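Residue numbers (this note's numbering): 84 to 655. Ideal Cβ placement from N, Cα and C applies to all residues, glycine included. Note that this is a predicted model, so its numbers are computed, not measured. Below is one structure, written out as structure tokens; the observations come after it.
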Ligand code: G16
């Protein structure tokens, strides 16, 4: 065996113009990473180079992914490049997998300078699917725009990278491995950790596990069904819910992470988690939930598949926040939601006199408020819910939050949501996604829309559909000034707000891998009791209630005429 120190090589490369990180890292088709020479190496080099050499040398970095196709290949390269770039220690989840919330937790626990997360979240996996790389900073959250801009700048100009090509790491065995490198005084170490343990330990300190155990396996236990969708969260569900909290093994399905998520899209919504909804229809389960590929998103269901919209889920948790011991001890400093999320949370904030922040889409905006001690709990319309225990949204945390509410109130999910609507009124919400639209067409539409709606003459315009008339009260582009550091983020979506408070929002997604995704978000508020509680099990009720506004949204944008589409790719 050759024990000589490992060589560090400098390899010439050519830059790529398209490595700008989106809402949540760089997401591309797998074949882009596979077929373009050094595409992965260039981006990893850009990440390391964005960190000051003094901070990088001898530092700790956490690495893990959602187990999708190309995960393992990417980790081998990251290990070789981390060593060559002066990183002192890598902490990697066993088999290279770790869910996004756990990575955030481990970064904070080990005081790492950051983490590299290999995931394309809810996007499809497999050789024909997507791959993604995200960089999180020392607070455990997604890097801020100033960091991702720096990474992008470097990626556009780099002409070489450094690597230890002979370094091989064993990801199957827990424990420490040390490697001697040329010109390096201290060995480079890799610590392979149990992906679940640190995270499970954190949850034990947030929730009342004894009460949850009683709810799930005590004398009057409820029956639950959790769908891990073959993503990374499966082992966490098994260990925490089944082994520790006593749920029967058949409560958890699709718990083995596979590289292509079993051919399904690991996206927890009514379209892609339809199997779960179907399996709950006959009423044998009281509670259901699904997660996405990297375990940060969640969908909540009640008996018979009663659907809790993500915006309602955030509002209900906020209203019952003291069912969670963590908040009984730490108190609640503030609530937040992303701008397109319905205003259901705002009503809870108003009633409880807790500060409410409205941020652009993207979890990094919440992180800044949390770091400043101004935010405790937040969520987004796109199945993201989380709190300040870490700096990522957290799917399993959201499930335990709901179970804590059920354990305290001993009511059904449906009754809890119904009580909420009776107390606060109801926000109907729907989102239309038009995927894989030609980028130029999408950008042109947004530019022309912006000109149209920000023209003074647009305000007070009336739009009529059948017997409904909506009058524009306000229309603008959403610009955000961070209340902590005054950073301004411009063009975070186009908003049309009508006189009854209903809203239409247009935005381009920042997480697609092919063409552009146009999102149209629509919400309206119903306070009359007659409109609050109609056919609650009808999953498309939001769309029925919002059909007129959807017609107006399409009329104003001319989206179908511009794109030749006849309808959205996905409605949530
Ligand atoms: C990421 C961010 C979320 C954001 C989402 C959607 O989530 O963490 O905060 O809401 O992207 O972004 P967009 O609407 O631009 O596609 P994930 O779960 O995809 O990593």
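Mapping DSSP to helix, strand and coil, what is residue i?
i           : result
residue 310 : strand
residue 102 : coil
residue 356 : coil
residue 210 : coil
residue 656 : The requested residue 656 is not part of the displayed model; the chain covers only 84 to 655.
residue 267 : coil
residue 381 : strand
residue 574 : coil
residue 521 : coil
residue 261 : strand
residue 180 : strand
residue 229 : helix
residue 461 : strand
residue 112 : strand
residue 334 : helix
residue 345 : helix
residue 328 : coil
residue 256 : coil
residue 657 : This structure leaves residue 657 out entirely; the chain is present only between 84 and 655.
residue 635 : helix
residue 475 : coil
residue 293 : helix
residue 651 : coil
residue 414 : coil
residue 305 : coil
residue 371 : strand
residue 567 : coil
residue 619 : Low per-residue confidence applies at residue 619: pLDDT is 47, beneath 50, and the placement is therefore not dependable enough to give any value.
residue 153 : coil
residue 391 : strand
residue 594 : coil
residue 165 : helix
Which partner residues does residue i have in the DSSP bridge list?
i           : result
residue 37  : Given a span of 84 to 655 for the chain in the structure shown, any question on residue 37 remains unanswerable.
residue 200 : 147, 217
residue 554 : 545
residue 246 : 92
residue 421 : 442
residue 174 : 145, 274
residue 581 : 555
residue 470 : 460
residue 604 : 514, 588
Whose CA, out of the options, lies closest to the CA of residue i?
i           : options            : result
residue 133 : 235, 313, 457, 452 : 235
residue 279 : 322, 300, 425      : 322
residue 632 : 512, 528, 538      : 512
residue 110 : 135, 354, 212      : 212
residue 575 : 106, 102, 92       : 106
residue 598 : 630, 518, 572      : 518
residue 674 : 114, 187, 92       : Past the edges of the chain, shown from 84 to 655, lies residue 674, and the structure says nothing about it.
residue 264 : 256, 250, 254, 292 : 250
residue 542 : 534, 480, 450      : 534
residue 87  : 131, 209, 247      : 247
residue 595 : 104, 90, 100, 91   : 104
residue 608 : 428, 287, 651, 492 : 428
residue 91  : 165, 131, 644, 327 : 165
residue 553 : 101, 537, 579, 122 : 579
residue 108 : 163, 207, 232      : 232
residue 499 : 183, 149, 391      : 391
residue 648 : 353, 112, 520, 358 : 520
To the nearest whole angstrom, what separates the beta carbons of residue i and residue j, a pair I think is in contact under 8 Å?
i           : j           : result
residue 241 : residue 118 : No, residue 241 and residue 118 are not in contact; Cβ-Cβ is about 19 Å, not under 8 Å.
residue 221 : residue 197 : 6 Å
residue 147 : residue 179 : 7 Å
residue 637 : residue 528 : With a Cβ gap of about 12 Å, residue 637 and residue 528 do not count as contacting.
residue 226 : residue 214 : The Cβ separation is near 18 Å, so there is no contact.
residue 314 : residue 374 : 6 Å
residue 281 : residue 413 : With a Cβ gap of about 20 Å, residue 281 and residue 413 do not count as contacting.
residue 401 : residue 431 : 4 Å
residue 655 : residue 514 : 5 Å
From the beta carbon of residue i, is the nearest beta carbon of chain D less than 8 Å away?
i           : result
residue 380 : Checking the listed chains, one finds no chain D in this structure; it contains a single protein chain.
Task: Inter-stretch contact (C-beta, 8 Å, three-pair minimum) for the segment 380–394 and the segment 359–370 - done: yes
Task: Touch test, the segment 151–160 against the segment 183–195, Cβ-Cβ under 8 Å, three pairs minimum - done: Contact between the segment 151–160 and the segment 183–195 is not established, with fewer than three Cβ pairs separated by less than 8 Å.
TODO: Determine contact between the segment 88–96 and the segment 201–212, defined as no fewer than three beta-carbon pairs at a distance below 8 Å.
DONE: no
Open item on the list: Could you check whether the segment 454–461 touches the segment 563–579, counting it as contact only if at least three pairs of C-beta atoms, one from each stretch, sit closer than 8 Å?
Closed with: yes
TODO: Decide if the segment 270–279 is in contact with the segment 166–179; the criterion is three or more beta carbon pairs, one per stretch, under 8 Å apart.
DONE: Counting Cβ pairs under 8 Å, three or more are found: they touch.
Open item on the list: Within 8 Å, do at least three Cβ pairs link the segment 306–314 to the segment 329–342?
Closed with: yes
Open item on the list: Does the segment 338–356 come into contact with the segment 287–304, if we say contact requires no fewer than three beta-carbon pairs (one atom in each stretch) closer than 8 Å?
Closed with: no
Task: Cβ contact check for the segment 369–380 and the segment 401–421: 3 or more pairs under 8 Å - done: no
Task: Stretch-stretch touch, CB-based, cutoff 8 Å, three pairs: the segment 476–493 with the segment 428–437 - done: These segments do not touch.
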